[in-house]
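Enquirer: Let me begin by handing over the structure; questions about it come next.
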Amino acid sequence: MRGRIATLMMHTSPLDQAGIGDAGGMNIYVVESALKMAAAGVDVDIYTRATDPYLPKIVEIAPGVTVRHIEAGPFKGLTKEELPTQMGALTHGVMEVFNSLPKNYYKILHSHYWISGQLGWMLSERTSIPLVHTMHTMARVKNLHMADQESPEPEIRAIGEEQIVKNAAALIANTDSEAASLVSLYGACPDTVFVVAPGVDLKRFTVGAGKAAARVKLDIAPDAQMITFVGRVQPHKGPEVLVRAVAEMLTHSPHMRAKLALVIIGGASGAGSAEPERLKDLAKFLGVDDVIHFMPPIAREDLPDWYRASDLVCVPSYSESFGLVALEAQACGTPVVATAIGGLRTAVADGISGSLVDGHDPRAWSAVISRLLADPARRITLSLGAISHAANFGWESTARRTLDVYDWVLSRGEETSIKLAQ
Ligand code: UDP
Numbered sequence: 002m003r004g005r006i007a008t009l010m011m012h013t014s015p016l017d018q019a020g021i022g023d024a025g026g027m028n029i030y031v032v033e034s035a036l037k038m039a040a041a042g043v044d045v046d047i048y049t050r051a052t053d054p055y056l057p058k059i060v061e062i063a064p065g066v067t068v069r070h071i072e073a074g075p076f077k078g079l080t081k082e083e084l085p086t087q088m089g090a091l092t093h094g095v096m097e098v099f100n101s102l103p104k105n106y107y108k109i110l111h112s113h114y115w116i117s118g119q120l121g122w123m124l125s126e127r128t129s130i131p132l133v134h135t136m137h138t139m140a141r142v143k144n145l146h147m148a149d150q151e152s153p154e155p156e157i158r159a160i161g162e163e164q165i166v167k168n169a170a171a172l173i174a175n176t177d178s179e180a181a182s183l184v185s186l187y188g189a190c191p192d193t194v195f196v197v198a199p200g201v202d203l204k205r206f207t208v209g210a211g212k213a214a215a216r217v218k219l220d221i222a223p224d225a226q227m228i229t230f231v232g233r234v235q236p237h238k239g240p241e242v243l244v245r246a247v248a249e250m251l252t253h254s255p256h257m258r259a260k261l262a263l264v265i266i267g268g269a270s271g272a273g274s275a276e277p278e279r280l281k282d283l284a285k286f287l288g289v290d291d292v293i294h295f296m297p298p299i300a301r302e303d304l305p306d307w308y309r310a311s312d313l314v315c316v317p318s319y320s321e322s323f324g325l326v327a328l329e330a331q332a333c334g335t336p337v338v339a340t341a342i343g344g345l346r347t348a349v350a351d352g353i354s355g356s357l358v359d360g361h362d363p364r365a366w367s368a369v370i371s372r373l374l375a376d377p378a379r380r381i382t383l384s385l386g387a388i389s390h391a392a393n394f395g396w397e398s399t400a401r402r403t404l405d406v407y408d409w410v411l412s413r414g415e416e417t418s419i420k421l422a423q
């Protein structure tokens, strides 16, 4: 298709730093796929809620990709969970912009996450622009795989998601496993569910000058045994598993202490706002605070060096619709140890680019991590596997496949109008 689409991502902005608060993989996904769609001739307007009165209403982030800020509710202090209370204001704000634009300005509405899906549903009904929706995470999937510290997602969110499933013209899932959950847990019609794998920026996330050079740059000892977590620090992402695994490792192999470093990069997020402090206390309690290093979120241009410098990147999430961090690390040549769940089973090729671990028993994680740390030759083999596995996932392909879904939706609309005309 050619033309322009409206992307709805209301609860977090594409301009936000990922890895803290509500900003994570979805923000990266929306921006990266928009950039590639624009390069393919489809302009993207990303609608998000204004969280600062001084933000310009329109920000062009690249040719063909524009962020539009919608005023709805207070600029500060409105949590993601409270955002559904502003649905009327959000609809009003977006419709005001739509009404100021020429007729048929947008061909498709594409919403991300259930709150924007609800908005998209309403806008689609009012404008007759077809709605494509991507969940990113789903309440019923999260509730099936909860960490001890987590509270379940409320059923009202699951109902909200079910309504979107029923009313969107097409749903995009990251993996076959997510597509299956949409059908089995939400009653989606399999014909309207499309699988589009996310990607990785293969120009930014590269092996670069290699591990040794990255360590010199970051001032990390050449012989450190460095395992790294990158992402929002919240129970669902499982950083606690790594803290406990490190404690296990040091109990069995105290000689590792001098060289071992667990680096946790990212900030507090959502309901887990006290999580970084809780983890620090836990590390102290377990007597491993000397080997655990907490880092604030790191800008994308600096992240590749952190991946390159690591011996292993660990993704111990309880559920994950994909896991961009896993792909980024592999593209930088670093093997990944991840939970054998959801999208991580696609993002990591078990035994080829890293290792998948069943469950969250710190003893199991410690066994897998120590074995890999003790075997540099195996890590080199996995590193080569990681680079070639990640090379299969470029954002161009994500954008191309997404455009195919839009074409499918638009061709269905044409079929319907032909039938009506007969
Ligand atoms: N991220 C970042 N800086 C950080 C931590 C994370 O830019 O300090 C980015 C990371 O590179 C990745 C995204 O945030 O692209 C996290 O995506 P992922 O799919 O791994 O997790 P999600 O946030 O979707 O749960």
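In case it helps, the numbering used here puts the sequence shown at residues 2 to 423.
Note that the Cβ used here is the ideal one computed from N, Cα and C, for glycine as well.
Since we're looking at a predicted model, the values are computed, not measured.
With H, G and I counted as helix, E and B as strand and the rest as coil, what does DSSP make of A335?
Expert: Position 334 of the sequence shown holds residue 335. Per the sequence shown, residue 335 should be read as Thr rather than Ala. The answer is coil: DSSP assigns T335 none of H, G, I, E or B.
Enquirer: Quick one: residues with CB closer than 6 Å to any heavy atom of ligand 1, in chain order, please.
Expert: A19, G20, G25, G26, M27, I29, V231, G232, R233, I266, G267, P298, I299, R301, L304, F323, G324, L325, V326 and E329
Enquirer: Use the C-beta contact count for V217: other C-beta atoms within 10 angstroms, 16 or more gives buried, fewer gives exposed.
Expert: As a first step, residue 217 must be located in the sequence shown, where it is residue number 216. With fewer than 16 other Cβ atoms within 10 Å, it is exposed.
Enquirer: Considering only the beta carbon of each residue, do V406 and V66 sit closer than 8 Å?
Expert: For the purposes of this step, residue 406 is identified with residue 405 of the sequence shown, where counting begins at 1. For the purposes of this step, residue 66 is identified with residue 65 of the sequence shown, where counting begins at 1. Cβ atoms of V406 and V66: not closer than 8 Å.
Enquirer: Check whether the Cβ atoms of S322 and G352 lie closer than 8 Å to each other.
Expert: Start at 1 with the first residue of the sequence shown, and residue 322 comes out as number 321. Start at 1 with the first residue of the sequence shown, and residue 352 comes out as number 351. Going by C-beta atoms, S322 is not nearer than 8 Å to G352.
Enquirer: Could you say which of T335, K77 and I59 lies nearest to A215 if we only look at CA atoms?
Expert: Along the sequence shown, one-based indexing puts residue 215 at 214. Checked all of T335, K77 and I59; the closest Cα to A215 is T335.
Enquirer: Can you tell me whether Y107 is buried or exposed? The criterion is at least 16 other CB atoms within 10 Å of its CB, across all chains shown.
Expert: Residue mapping note: residue 107 aligns to position 106 of the sequence shown, counting from 1. By the 10 Å Cβ count, Y107 comes out buried.
Enquirer: In angstroms with no decimal places, state the Cα-to-Cα distance between L377 and S371.
Expert: Residue numbering aside, residue 377 sits at position 376 when the sequence shown is read from its first letter. Residue numbering aside, residue 371 sits at position 370 when the sequence shown is read from its first letter. Reading the sequence as shown, one finds Pro at residue 377 and not Leu. If you take the alpha carbons of P377 and S371, they lie about 11 Å apart.
Enquirer: Expressed to the nearest angstrom, what Euclidean distance is found between the alpha-carbon atoms of H237 and E83?
Expert: Working through the sequence shown from its first residue, we reach residue 237 at position 236. Working through the sequence shown from its first residue, we reach residue 83 at position 82. Approximately 20 Å, taken between the alpha carbons.
Enquirer: Is there contact here, the region 153-170 with the region 275-287, by at least three beta-carbon pairs under 8 Å?
Expert: no
Enquirer: In the structure shown, what three-state DSSP assignment does A262 receive?
Expert: Start at 1 with the first residue of the sequence shown, and residue 262 comes out as number 261. Note: A262 maps to strand in three-state DSSP.
Enquirer: Tell me whether N28 is buried or exposed, calling it buried when 16 or more other Cβ atoms sit within 10 Å of its Cβ.
Expert: Residue mapping note: residue 28 aligns to position 27 of the sequence shown, counting from 1. The residue in question, N28, is buried, as its Cβ has 16 or more Cβ neighbours within 10 Å.
Enquirer: Excluding sequence positions up to five away, which residues of its chain have a Cβ less than 6 Å from the Cβ of P298?
Expert: As a first step, residue 298 is located in the sequence shown; it is residue number 297 there, counting from the start. The residues are Q18, G20, I21, G267 and G268.
Enquirer: Have a look at the DSSP bridge pairing and note the partners of Q226.
Expert: Working through the sequence shown from its first residue, we reach residue 226 at position 225. Bridge partners of Q226: L261.
Enquirer: Can the beta-carbon of I59 be found less than 8 Å from the beta-carbon of P15?
Expert: Along the sequence shown, one-based indexing puts residue 59 at 58. Along the sequence shown, one-based indexing puts residue 15 at 14. Not closer than 8 Å, so no.
Enquirer: Restricting to Cα atoms, I'd like to know which of V292, P223, R205 and W396 is closest to R245.
Expert: Within the sequence shown, numbered from 1, the residue matching residue 245 stands at position 244. Of the listed residues, the one whose Cα sits closest to R245 is V292.
Enquirer: Can you tell me the Cα-Cα spacing of S125 and V231, whole angstroms?
Expert: By 1-based counting over the sequence shown, the position of residue 125 is 124. By 1-based counting over the sequence shown, the position of residue 231 is 230. So the alpha carbons of these two residues sit roughly 36 Å apart.
Enquirer: Given a cut-off of 8 Å on the beta-carbon distance, is the pair L203 and G395 in contact?
Expert: If you number the sequence shown from 1, residue 203 lands on position 202. If you number the sequence shown from 1, residue 395 lands on position 394. Yes. Within cutoff.
Enquirer: T340 by DSSP, collapsed to three states: which one?
Expert: As a first step, residue 340 is located in the sequence shown; it is residue number 339 there, counting from the start. T340 falls in the strand class under three-state DSSP.
Enquirer: On the criterion of 16 or more Cβ atoms from any shown chain inside 10 Å, does C333 qualify as buried, or is it exposed?
Expert: Against the sequence shown, residue 333 aligns to sequence position 332. Result: buried.
Enquirer: Tell me the rounded alpha-carbon separation between T13 and G25.
Expert: For the purposes of this step, residue 13 is taken as residue 12 along the sequence shown, with counting starting at 1. For the purposes of this step, residue 25 is taken as residue 24 along the sequence shown, with counting starting at 1. So the alpha carbons of these two residues sit roughly 9 Å apart.
Enquirer: Does the distance from the CB of T229 to the CB of V264 come in under 8 Å?
Expert: Counted from its first residue, the sequence shown places residue 229 at position 228. Counted from its first residue, the sequence shown places residue 264 at position 263. Yes, Cβ-Cβ distance for T229 and V264 is below 8 Å.
Enquirer: Straight-line CA distance for R69 to A391?
Expert: Residue mapping note: residue 69 aligns to position 68 of the sequence shown, counting from 1. Residue mapping note: residue 391 aligns to position 390 of the sequence shown, counting from 1. The C-alpha of R69 lies about 32 Å from the C-alpha of A391.
Enquirer: With a threshold of 8 Å, are at least 3 pairs of Cβ atoms found where one atom belongs to the region 86-100 and the other to the region 135-142?
Expert: no
Enquirer: Is the beta carbon of T49 within less than 7 Å of some heavy atom of ligand 3?
Expert: Ligand 3 is not part of the structure shown, which contains ligand 1 as its ligands.
Enquirer: Please go through the region 245-323 and give each complete beta strand (DSSP E) segment of 3 or more residues, from N-terminal end onward.
Expert: 261-266, 293-296 and 313-316
Enquirer: For E397, tell me which candidate among S34, M10 and A7 has the shortest Cα-Cα distance.
Expert: Residue 397 sits at position 396 when you count from the first residue of the sequence shown. The shortest CA-to-CA distance from E397 to any of S34, M10 and A7 is the one to S34.
Enquirer: Alpha carbon to alpha carbon, how far is C315 from G120? Give it in angstroms, no decimals.
Expert: As a first step, residue 120 must be located in the sequence shown, where it is residue number 119. As a first step, residue 315 must be located in the sequence shown, where it is residue number 314. Reading off the sequence, residue 120 comes out as Leu, not Gly. For L120 and C315, the gap between their C-alpha atoms comes out near 35 Å.
Enquirer: Kindly indicate which three-state DSSP category L102 falls into: helix, strand or coil?
Expert: Position 101 of the sequence shown holds residue 102. In the three-state reduction of the DSSP assignment, L102 falls in the coil class.
Enquirer: If you compare alpha carbons, which of G239, F195, T86 and E151 is closest to M11?
Expert: Here residue 11 is taken as the residue at index 10 of the sequence shown, counted from 1. Checked all of G239, F195, T86 and E151; the closest Cα to M11 is T86.
Enquirer: On the three-state DSSP scale, how would you describe T128?
Expert: Here residue 128 refers to the residue found at position 127 of the sequence shown. DSSP, read as helix, strand or coil, puts T128 in helix.
Enquirer: Taking the beta carbon of Y55 as the centre, do at least 16 other beta carbons fall within 10 Å, making it buried, or is it exposed?
Expert: Here the question's residue 55 lines up with position 54 in the sequence shown. Exposed, because fewer than 16 other Cβ atoms sit within 10 Å of the Cβ of Y55.
Enquirer: So for H361, helix, strand or coil by DSSP?
Expert: The residue labelled residue 361 in the question sits at position 360 within the sequence shown. Residue state for H361 is assigned as coil, using DSSP reduced to three classes.
Enquirer: Using the Cα positions of P64 and A39, report the straight-line distance between them to the nearest angstrom.
Expert: Sequence index remark: in the sequence shown, residue 64 carries index 63 (1-based). Sequence index remark: in the sequence shown, residue 39 carries index 38 (1-based). Going from the Cα of P64 to the Cα of A39 covers about 7 Å.
Enquirer: Using the DSSP secondary-structure output, state which residues sit across from D44 in a beta bridge.
Expert: Here residue 44 corresponds to residue number 43 of the sequence shown, with the count starting at 1. Per DSSP, R5.
Enquirer: Rounded to a whole number of angstroms, what is the C-alpha to C-alpha distance between K212 and H294?
Expert: Locating residue 212 in the sequence shown gives position 211, counting from the first residue. Locating residue 294 in the sequence shown gives position 293, counting from the first residue. Rounded to the nearest angstrom, the two C-alpha atoms are 19 Å apart.
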